[in-house]
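Colleague:
Residue numbers (the numbering used here): 43 to 244.
1) To test your reading of the DSSP string, which unbroken beta strand (DSSP E) runs of 3 or more residues are found completely within the stretch 157-239?
2) Among 109, 60, 81, 87, whose alpha-carbon lies nearest the alpha-carbon of residue 50?
3) Per DSSP, what kind of secondary structure is residue 116 in: helix, strand or coil?
4) Hey, which unbroken runs of the alpha helix (DSSP H) at 4 residues or more fall wholly within the stretch 73-120?
5) Take the Cβ of residue 232 as the centre, count every other Cβ of all protein chains shown within 10 Å, and call the residue buried at 16 or more, exposed below.
6) Pop quiz: residue 178 and residue 92 are said to be a contact at Cβ under 8 Å. What is the actual Cβ separation, rounded to whole angstroms?
7) Report the option in 136, 188, 44 whose CA atom is closest to the CA atom of residue 61.
8) So, with DSSP's three-state summary, where would you put residue 154?
9) DSSP state of residue 71, grouped into three classes?
10) With DSSP collapsed to three states, give me the class of residue 244.
11) Beta-carbon within less than 6 Å of residue 187's beta-carbon, same chain only, minus the 5 sequence neighbours each way: which residues are those?
12) Taking only beta-carbon positions, decide if residue 231 is within less than 7 Å of chain C.
13) In this structure, does DSSP put residue 142 in helix, strand or coil?
14) Quick one: grab the DSSP three-state call for residue 44.
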């Protein structure tokens, strides 16, 4: 079997290690070893562990940011509820898969601070999905599909907060399984939110 390109092996190894031992305890040396290359070879592709973490987020995890950017630019022909259902589904998957990666940072405040500084330097961070969803909801508001008095930023925080909570709470339960399916969760969150923010036609 033909071996995968070095960069692909590095990102795959980073994803696997970050998910099993956490971002804080994953080193570039261990990533390189798992990828079957030297640490020097790793640095030919990535300047830091933070840059490699961003590659894992963007290339190996559910694409939440891309979906939000697309919908903000063009809400499309689907209903607000349909769009929010897809956003909730992708967000729940995204946080479910990223929570085990970043949770270890909270045990090491200095490392967490360095990581956050690096993310700001790259123009990234956990606030970006909230900003993206807020932009989408404001776009829908301009199109008249969301009530003028609705608060897009609060609605974005409610939806994404529910998705984070799902990942956090059920990760700590014995069987790590929520009581409802991902699709049922996404539909319920979207239906409840749109009932509060969408224009009434009756």
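We put the CB at the ideal spot given by N, CA and C, even for glycine.
Modeller: Straight from the coordinates:
1) none
2) Counting from 1 along the chain shown, the entry for residue 50 is found at position 8. The option with the nearest alpha carbon to residue 50 is 87.
3) In the chain shown, counting from the first residue as 1, residue 116 sits at position 74. DSSP places residue 116 in coil when its eight states are reduced to three.
4) 81-87, 91-102, 106-115
5) Your numbering for residue 232 matches position 190 in the chain shown. Answer is buried; the Cβ neighbour count reaches 16.
6) Locating residue 178 in the chain shown gives position 136, where the first residue counts as 1. Locating residue 92 in the chain shown gives position 50, where the first residue counts as 1. That belief does not hold up - the Cβ atoms of residue 178 and residue 92 are roughly 27 Å apart, past 8 Å.
7) By one-based count along the chain shown, residue 61 stands at place 19. Nearest C-alpha to residue 61: 136.
8) Taking the chain shown and counting its residues from 1, the one referred to as residue 154 is at position 112. Note: residue 154 maps to helix in three-state DSSP.
9) Numbered from 1 along the chain shown, position 29 holds the residue referred to as residue 71. Here residue 71 sits in helix by DSSP.
10) What you label residue 244 is simply residue 202 of the chain shown in a count that begins at 1. Annotation note: pLDDT 37 at residue 244 (below 50); position unreliable, no value reported.
11) One-based indexing of the chain shown puts residue 187 at position 145. Contacts found: 122.
12) Note that chain C does not occur in the displayed structure, where there is just one protein chain.
13) Locating residue 142 in the chain shown gives position 100, counting from the first residue. Correct three-state label for residue 142: helix.
14) By 1-based counting over the chain shown, the position of residue 44 is 2. Note: residue 44 maps to coil in three-state DSSP.
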